[in-house]
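Student: Here's a structure for you.
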Amino acid sequence: MKRLKEFTIPFVGLKLGKHLFEYKIGQKFFEHYEYEEYNDAEVLVSVALEKKTTLLELHFNISGHVNINCDLINEPFNQEIRNEFDLVVKFGNEYNDENIDILVIPHGEYEINIQQYVYELIVLAVPPKRIHPGVKDGSLNSDILKRLEELSPSKKESKKDDYKIDPRWDSLKKLLTDK
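Here is the structure:
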(Lines of atoms letter the chains of each structure in order from A and count residues from 1; the text may use other names and numbers.)
(Lines give C-alpha, C1' and ligand atoms only; values in the text may rest on other atoms or scores of the structure.)
Protein backbone atom coordinates (compact mmCIF):
# COMPACT_ATOMS: atom_id res chain seq x y z
CA MET A 1 0.00 0.00 0.00
CA LYS A 2 1.41 3.33 -1.02
CA ARG A 3 1.81 5.73 1.87
CA LEU A 4 0.04 9.06 1.78
CA LYS A 5 2.41 11.96 2.48
CA GLU A 6 -0.10 13.91 4.55
CA PHE A 7 0.05 11.22 7.28
CA THR A 8 3.84 11.36 7.58
CA ILE A 9 5.04 13.27 10.64
CA PRO A 10 8.69 14.44 10.53
CA PHE A 11 9.51 14.40 14.24
CA VAL A 12 13.22 15.34 13.98
CA GLY A 13 12.51 19.06 13.54
CA LEU A 14 10.02 19.18 16.42
CA LYS A 15 10.92 20.55 19.83
CA LEU A 16 10.50 18.47 22.97
CA GLY A 17 6.93 18.65 24.23
CA LYS A 18 3.41 18.23 22.88
CA HIS A 19 2.36 18.82 19.27
CA LEU A 20 -1.12 18.49 17.79
CA PHE A 21 -1.95 17.20 14.30
CA GLU A 22 -5.47 17.11 12.86
CA TYR A 23 -6.78 15.31 9.80
CA LYS A 24 -10.14 15.28 8.07
CA ILE A 25 -10.88 11.87 6.63
CA GLY A 26 -13.32 11.45 3.75
CA GLN A 27 -14.35 8.72 1.36
CA LYS A 28 -11.22 9.27 -0.74
CA PHE A 29 -9.08 7.89 2.11
CA PHE A 30 -10.95 4.56 2.00
CA GLU A 31 -10.84 4.45 -1.79
CA HIS A 32 -7.04 4.51 -1.44
CA TYR A 33 -7.35 1.28 0.58
CA GLU A 34 -9.95 -0.11 -1.84
CA TYR A 35 -12.30 -0.47 1.15
CA GLU A 36 -15.85 -0.29 -0.15
CA GLU A 37 -17.90 -0.86 3.02
CA TYR A 38 -18.68 2.84 3.49
CA ASN A 39 -20.85 4.98 1.24
CA ASP A 40 -19.36 8.17 2.66
CA ALA A 41 -17.20 9.21 5.59
CA GLU A 42 -16.63 12.35 7.58
CA VAL A 43 -14.18 11.70 10.40
CA LEU A 44 -11.96 14.08 12.34
CA VAL A 45 -8.69 12.57 13.57
CA SER A 46 -6.71 14.35 16.25
CA VAL A 47 -3.19 13.12 17.04
CA ALA A 48 -1.37 14.50 20.05
CA LEU A 49 2.34 13.75 19.74
CA GLU A 50 4.54 14.22 22.80
CA LYS A 51 8.21 14.19 21.93
CA LYS A 52 10.54 13.09 24.70
CA THR A 53 14.28 12.60 24.62
CA THR A 54 14.20 8.82 24.10
CA LEU A 55 10.72 8.12 22.73
CA LEU A 56 7.52 9.50 21.20
CA GLU A 57 4.04 9.16 22.65
CA LEU A 58 1.07 9.46 20.32
CA HIS A 59 -2.55 9.73 21.42
CA PHE A 60 -5.09 9.19 18.63
CA ASN A 61 -8.66 10.45 19.02
CA ILE A 62 -11.23 9.96 16.26
CA SER A 63 -14.81 11.17 16.05
CA GLY A 64 -17.32 11.59 13.27
CA HIS A 65 -19.57 9.38 11.20
CA VAL A 66 -19.48 6.93 8.34
CA ASN A 67 -22.43 6.26 6.04
CA ILE A 68 -23.08 2.52 5.88
CA ASN A 69 -25.92 0.20 4.90
CA CYS A 70 -28.06 -1.45 7.56
CA ASP A 71 -27.59 -5.22 7.90
CA LEU A 72 -31.34 -5.81 8.22
CA ILE A 73 -32.92 -3.59 5.59
CA ASN A 74 -29.94 -2.43 3.51
CA GLU A 75 -30.90 1.24 3.95
CA PRO A 76 -27.99 3.70 4.25
CA PHE A 77 -27.54 5.63 7.50
CA ASN A 78 -24.87 7.64 9.31
CA GLN A 79 -23.16 5.62 12.04
CA GLU A 80 -21.51 7.78 14.69
CA ILE A 81 -18.03 6.58 15.62
CA ARG A 82 -15.56 7.41 18.36
CA ASN A 83 -12.29 5.73 19.23
CA GLU A 84 -9.03 6.40 21.07
CA PHE A 85 -5.62 4.78 20.97
CA ASP A 86 -2.22 5.36 22.56
CA LEU A 87 1.01 4.44 20.78
CA VAL A 88 4.55 4.57 22.10
CA VAL A 89 7.32 4.88 19.52
CA LYS A 90 10.74 3.70 20.67
CA PHE A 91 14.07 3.59 18.87
CA GLY A 92 15.93 0.33 18.32
CA ASN A 93 18.13 -1.58 15.91
CA GLU A 94 15.36 -2.61 13.50
CA TYR A 95 11.70 -1.95 12.72
CA ASN A 96 9.30 -3.93 14.93
CA ASP A 97 5.53 -3.55 15.18
CA GLU A 98 4.70 -6.91 16.79
CA ASN A 99 3.36 -5.28 19.95
CA ILE A 100 0.00 -3.54 19.49
CA ASP A 101 0.76 -0.30 21.31
CA ILE A 102 4.57 -0.14 20.99
CA LEU A 103 6.34 0.59 17.71
CA VAL A 104 10.11 0.25 17.45
CA ILE A 105 11.79 2.14 14.59
CA PRO A 106 15.49 2.20 13.63
CA HIS A 107 17.72 4.86 15.21
CA GLY A 108 18.29 6.74 11.93
CA GLU A 109 14.59 7.37 11.21
CA TYR A 110 13.41 10.97 11.15
CA GLU A 111 9.67 10.55 10.39
CA ILE A 112 6.74 8.28 11.16
CA ASN A 113 3.71 7.45 9.02
CA ILE A 114 0.45 7.03 10.97
CA GLN A 115 -1.81 6.21 8.02
CA GLN A 116 -2.35 2.53 8.92
CA TYR A 117 -3.18 3.36 12.55
CA VAL A 118 -5.81 5.90 11.45
CA TYR A 119 -7.35 3.40 9.03
CA GLU A 120 -7.56 0.64 11.63
CA LEU A 121 -9.01 2.95 14.31
CA ILE A 122 -11.83 4.03 12.03
CA VAL A 123 -12.64 0.55 10.76
CA LEU A 124 -12.62 -0.93 14.27
CA ALA A 125 -14.86 1.85 15.63
CA VAL A 126 -17.78 0.72 13.47
CA PRO A 127 -19.90 -1.90 15.28
CA PRO A 128 -19.95 -5.38 13.73
CA LYS A 129 -23.76 -5.45 13.60
CA ARG A 130 -25.01 -2.37 11.76
CA ILE A 131 -28.63 -1.58 12.55
CA HIS A 132 -30.39 1.58 11.40
CA PRO A 133 -31.47 3.72 14.40
CA GLY A 134 -34.98 3.90 12.95
CA VAL A 135 -35.27 0.11 13.17
CA LYS A 136 -34.31 0.14 16.87
CA ASP A 137 -36.82 2.80 17.90
CA GLY A 138 -39.53 1.81 15.40
CA SER A 139 -39.65 5.16 13.63
CA LEU A 140 -38.44 3.89 10.24
CA ASN A 141 -41.21 3.16 7.77
CA SER A 142 -39.85 0.67 5.25
CA ASP A 143 -41.37 -1.95 2.95
CA ILE A 144 -38.62 -4.38 3.89
CA LEU A 145 -39.41 -4.04 7.61
CA LYS A 146 -43.11 -4.67 6.96
CA ARG A 147 -42.27 -7.78 4.96
CA LEU A 148 -39.94 -9.05 7.71
CA GLU A 149 -42.72 -8.64 10.28
CA GLU A 150 -45.14 -10.53 8.06
CA LEU A 151 -42.72 -13.44 7.67
CA SER A 152 -41.68 -13.66 11.32
CA PRO A 153 -43.43 -16.34 13.40
CA SER A 154 -46.20 -14.98 15.59
CA LYS A 155 -46.11 -15.28 19.39
CA LYS A 156 -49.20 -17.50 19.50
CA GLU A 157 -47.66 -20.03 17.13
CA SER A 158 -44.43 -20.19 19.09
CA LYS A 159 -46.31 -20.78 22.39
CA LYS A 160 -48.22 -23.70 20.86
CA ASP A 161 -44.95 -25.26 19.74
CA ASP A 162 -43.51 -24.97 23.27
CA TYR A 163 -46.25 -27.24 24.70
CA LYS A 164 -45.56 -30.02 22.24
CA ILE A 165 -42.72 -31.74 24.05
CA ASP A 166 -41.52 -35.14 22.98
CA PRO A 167 -42.60 -37.69 25.63
CA ARG A 168 -39.19 -39.38 25.52
CA TRP A 169 -37.77 -36.36 27.40
CA ASP A 170 -40.05 -37.01 30.37
CA SER A 171 -38.00 -40.02 31.47
CA LEU A 172 -34.81 -37.94 31.30
CA LYS A 173 -36.40 -35.23 33.44
CA LYS A 174 -36.90 -37.83 36.19
CA LEU A 175 -33.11 -38.19 36.41
CA LEU A 176 -32.70 -34.55 37.41
CA THR A 177 -32.33 -33.97 41.12
CA ASP A 178 -33.63 -30.96 42.98
CA LYS A 179 -30.94 -28.51 43.98
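The sequence shown begins at -13 in the numbering used here and counts up one residue at a time. Built from N, CA and C at the ideal position, the CB exists for glycine as well.
For a quick check, are the C-beta atoms of VAL74 and PHE(-7) less than 8 Å apart?
Tutor: Result no, Cβ atoms of VAL74 and PHE(-7) do not sit closer than 8 Å.
Student: Suppose you measure from the CA of ASN69 to the CA of LYS160; what does that come to, to the nearest Å?
Tutor: Roughly 53 Å separates the two Cα atoms.
Student: How is ASP72 classed by DSSP in three states: helix, strand or coil?
Tutor: It is a strand residue.
Student: Three or more C-beta pairs closer than 8 Å, one from the segment 129 to 139 and one from the segment 74 to 92: is that the case here?
Tutor: Contact between the segment 129 to 139 and the segment 74 to 92 is absent, because fewer than three Cβ pairs lie under 8 Å.
Student: Could you pull out every residue in the same chain whose Cβ sits closer than 7 Å to the Cβ of LYS10, ignoring the five residues on either side in sequence?
Tutor: For LYS10, where only same-chain residues beyond five positions count, the Cβ hits under 7 Å are LEU30.
Student: Find out if the Cβ-Cβ distance for the pair VAL121, LEU131 is shorter than 8 Å.
Tutor: Yes; because the gap between Cβ atoms is below 8 Å, this pair is in contact.
Student: With a floor of 3 residues, list each beta strand (DSSP E) that falls wholly inside the segment 87 to 145, ordered by position along the chain.
Tutor: Runs of the beta strand (DSSP E) inside the segment 87 to 145: 88 to 92 and 97 to 99.
Student: Helix, strand or coil for GLU20, going by three-state DSSP, please let me know.
Tutor: Coil at GLU20, not helix or strand.
Student: Find the nearest neighbour of PHE(-3) within the set TYR21, THR40, GLU22 and ASN25, judged by alpha-carbon distance.
Tutor: For PHE(-3), the nearest C-alpha among the options comes from THR40.
Student: Is the CB-CB distance between ASN25 and PRO62 below 8 Å?
Tutor: A contact, by the Cβ cut-off of 8 Å.
Student: Would HIS51 and ILE67 be called neighbours here (beta carbons separated by less than 8 Å)?
Tutor: Yes, Cβ-Cβ distance for HIS51 and ILE67 is below 8 Å.
Student: Measuring straight from C-alpha to C-alpha, what distance separates LYS165 and ARG154?
Tutor: Since pLDDT at LYS165 reaches only 48, below the 50 mark, its modelled position is unreliable, and the value read off the structure follows with that caveat. For LYS165 and ARG154, the distance between alpha carbons rounds to 23 Å.
Student: Taking the alpha carbon of VAL33 as the reference point, which residue from GLU97, LEU6 and GLU95 has its own alpha carbon closest?
Tutor: Closest option to VAL33, Cα to Cα, is LEU6.
Student: Going straight from the alpha carbon of GLU43 to that of LYS(-9), what length do you get?
Tutor: Cα-Cα distance, rounded: 20 Å.
Student: Rounded to whole angstroms, what's the CA-CA distance from ASP152 to LEU158? Just pull it up for me.
Tutor: Distance between the alpha carbons of ASP152 and LEU158: 11 Å.
Student: So, with DSSP's three-state summary, where would you put ASP156?
Tutor: Three-state result, ASP156: helix.
Student: Just how far apart, CA to CA, sit ALA27 and LEU35?
Tutor: About 25 Å.
Student: Quick check: the Cα distance between PHE16 and ARG(-11), rounded to an integer number of angstroms?
Tutor: One C-alpha to the other measures close to 13 Å.
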